[in-house]
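Structure first, commentary second.
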DNA sequence: CGGTAGTTTAATAGGTCTATTAAATAGGTG
DNA sequence: CACCTATTTAATAGACCTATTAAACTACCG
């Protein structure tokens with residue numbers, strides 16, 4: 215088989231399923247529809263993945279990791295000041311979401327509506343880089359002690375960042391439906407808010 | 215019929231449907247299940263509301279209004295400074311969400327996943343109090359001109375507020391599942407973040 | 001060329017869901 | 001009581017969904 219030009223059915227199913235799950239969520243995506251989009255028989259989906267839950271978990275283990283672990287993956291720019299590191303983390307987290315704008319809703323809905331099922335992936339997420347958190351935390355506390363940053367915690371800062379970044383991409387479809395944003399307006403909003411999130415957070419930690 | 219002690223079936227169906235829609239979303243809630251919880255025949259749900267879509271729209275027109283219009287409903291504390299008004303708006307918005315913690319996910323998922331259906335309610339939301347927005351906006355611009363607040367827009371401030379407040383209640387189920395928060399920890403987090411959201415926003419607008 | 005393992009399909013069981021229909025029941029009014 | 005309207009139920013049509021099974025197809029290997 216020509217591996218370069220023609221992908222395996224298994225791979226096609228995976229990619230189509232990923233796209234559909236992200237677009238419509240777990241419940242509204244049927245194995246029948248996945249098969250139709252791939253152009254294969256519906257039984258083939260079950261041949262490769264046995265159950266719809268399996269297929270979902272196979273795909274989104276990786277997505278969950280992306281979503282949760284990305285935050286600390288680049289806090290190791292050692293030479294930078296805390297503020298510059300923070301700016302970098304915010305922008306990089308924002309960019310990750312911009313590249314995966316439908317990921318937050320999927321993760322939030324699946325966690326909220328089918329916690330038992332998604333909880334299976336829980337232990338695989340526990341690999342949060344504790345080390346990097348501790349290092350950043352130490353640097354933050356040093357700056358607080360030096361009176362350069364107001365009293366706060368790293369957890370609060372991260373929660374604020376994730377809240378701002380995630381919400382933007384959650385709200386864009388609503389804004390699109392209600393305020394009828396066109397593509398240019400949508401793009402402007404994204405660029406503008408990227409800056410604004412940095413401003414808000416950096417301003418908010420001044421003493 | 216004893217109206218005081220025994221509600222009508224129609225009312226029971228409405229209340230049960232509201233609870234289930236909020237818990238599990240539109241797709242995962244069936245008219246069969248609503249009927250079972252109410253203790254009536256499934257056809258009765260359709261007798262009163264004809265379709266599941268009707269039932270959903272009947273219930274959530276009011277919820278949508280609550281969600282979108284609450285923001286400006288109390289910006290009319292004329293004597294307060296802009297900063298104090300803003301603090302008041304943030305806290306009041308937060309409290310509304312705390313009283314309806316499952317509302318944000320429902321609204322966001324339904325808008326994102328079934329925009330056609332929910333778009334029907336769009337025009338009913340257009341009644342945003344333009345007047346109050348303009349008044350607040352004028353006051354903000356005055357303070358900016360006076361150099362008391364950094365350059366920003368009211369829309370940005372509101373988006374930031376909604377992002378912070380909404381996200382907290384979106385993330386709590388996830389935090390509960392992953393970090394296994396108990397009820398006391400959950401409550402502490404809510405009280406703490408209510409203060410923090412005010413701090414972040416008010417600090418962030420200093421010049 | 002025959003066999004064999006892996007892939008794909010057709011067919012279908014068994015379940016649930018929405019919505020409709022016709023029949024049963026209840027409650028009030030003349 | 002007889003009637004009438006509004007409510008409630010039982011039954012079911014029709015659609016779709018997940019998962020399984022057995023049969024067909026393909027390609028490679030000896």
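Chains as they are written, first to last, in the working numbering: chain A, 215 to 421; chain B, 215 to 421. C-beta atoms are modelled at their ideal positions from N, C-alpha and C, and glycine is treated no differently.
Chain-ordered neighbours of residue i on chain A, where CB pairs are closer than 9 Å
i: residue 333 of chain B; result: 391, 392
i: residue 404 of chain B; result: In chain order: nothing, as chain A lies at least about 12 Å away.
Residue i, DSSP secondary structure in three states
i: residue 276 of chain B; result: helix
i: residue 329 of chain A; result: helix
i: residue 395 of chain A; result: coil
i: residue 264 of chain A; result: coil
i: residue 314 of chain A; result: coil
i: residue 233 of chain A; result: helix
i: residue 293 of chain A; result: coil
i: residue 421 of chain A; result: coil
i: residue 242 of chain B; result: helix
i: residue 334 of chain A; result: coil
i: residue 413 of chain B; result: helix
i: residue 306 of chain A; result: helix
i: residue 405 of chain A; result: helix
i: residue 217 of chain B; result: For residue 217 of chain B, the predicted structure reports a pLDDT of 34, less than 50, and the residue's modelled location is therefore unreliable. A value from the coordinates is still provided. Correct three-state label for residue 217 of chain B: coil.
i: residue 377 of chain B; result: helix
i: residue 255 of chain B; result: coil
i: residue 226 of chain B; result: helix
Contact list for residue i against chain A, beta-carbon separation under 8 Å
i: residue 420 of chain B; result: 417, 420
i: residue 222 of chain B; result: By Cβ distance, chain A contributes nothing, its closest Cβ being about 30 Å from residue 222 of chain B, past 8 Å.
Chain A residues whose Cβ lies nearer than 7 Å to that of residue i
i: residue 326 of chain B; result: 319, 387
i: residue 410 of chain B; result: 370
i: residue 241 of chain B; result: 241, 242
i: residue 424 of chain B; result: Residue 424 of chain B cannot be examined here, being either before or after the span of chain B that is shown, 215 to 421.
Chain-ordered chain B contacts of residue i [CB-CB under 9 Å]
i: residue 336 of chain A; result: 391, 392
i: residue 244 of chain A; result: Under the 9 Å cutoff, chain B gives no residues; its nearest Cβ is about 12 Å from residue 244 of chain A.
i: residue 295 of chain A; result: By Cβ distance, chain B contributes nothing, its closest Cβ being about 19 Å from residue 295 of chain A, past 9 Å.
Chain-ordered neighbours of residue i on chain B, where CB pairs are closer than 8 Å
i: residue 277 of chain A; result: Those do not exist, as residue 277 of chain A stays about 14 Å from chain B at its closest Cβ, beyond 8 Å.
i: residue 374 of chain A; result: 378, 410, 414
i: residue 226 of chain A; result: Those within 8 Å of residue 226 of chain A in chain B number zero; the least Cβ separation is about 24 Å.
First through last residue of the alpha helix (DSSP H) which encompasses residue i
i: residue 366 of chain B; result: Taken as a continuous stretch (DSSP letters only), residue 366 of chain B belongs to no alpha helix (DSSP H), as it is neither H nor E.
i: residue 249 of chain A; result: 245-252
i: residue 352 of chain B; result: 344-359
Contacts of residue i in chain B (Cβ-Cβ under 7 Å)
i: residue 238 of chain A; result: 327
Any non-hydrogen atom of the ligand MN within 7 Å of residue i CB
i: residue 298 of chain A; result: Questions concerning the ligand MN fall outside what the structure shown contains, since it holds no ligand whatsoever.
Could you tell me whether the stretch 311-326 of chain A touches the stretch 231-240 of chain A, using the rule of 3 or more Cβ pairs below 8 Å?
-> yes
Are the stretch 345-358 of chain A and the stretch 366-383 of chain B touching, with three or more C-beta to C-beta distances below 8 Å?
-> no
Cβ pair count under 8 Å reaching 3, the stretch 328-338 of chain A against the stretch 266-274 of chain A = yes
Three or more beta-carbon pairs under 8 Å between the stretch 305-314 of chain A and the stretch 276-284 of chain A, yes or no?
-> yes
Sufficient close CB pairs (3 or more, under 8 Å) joining the stretch 361-375 of chain A to the stretch 403-418 of chain B | yes
Decide if the stretch 253-268 of chain A is in contact with the stretch 219-228 of chain A; the criterion is three or more beta carbon pairs, one per stretch, under 8 Å apart.
-> yes
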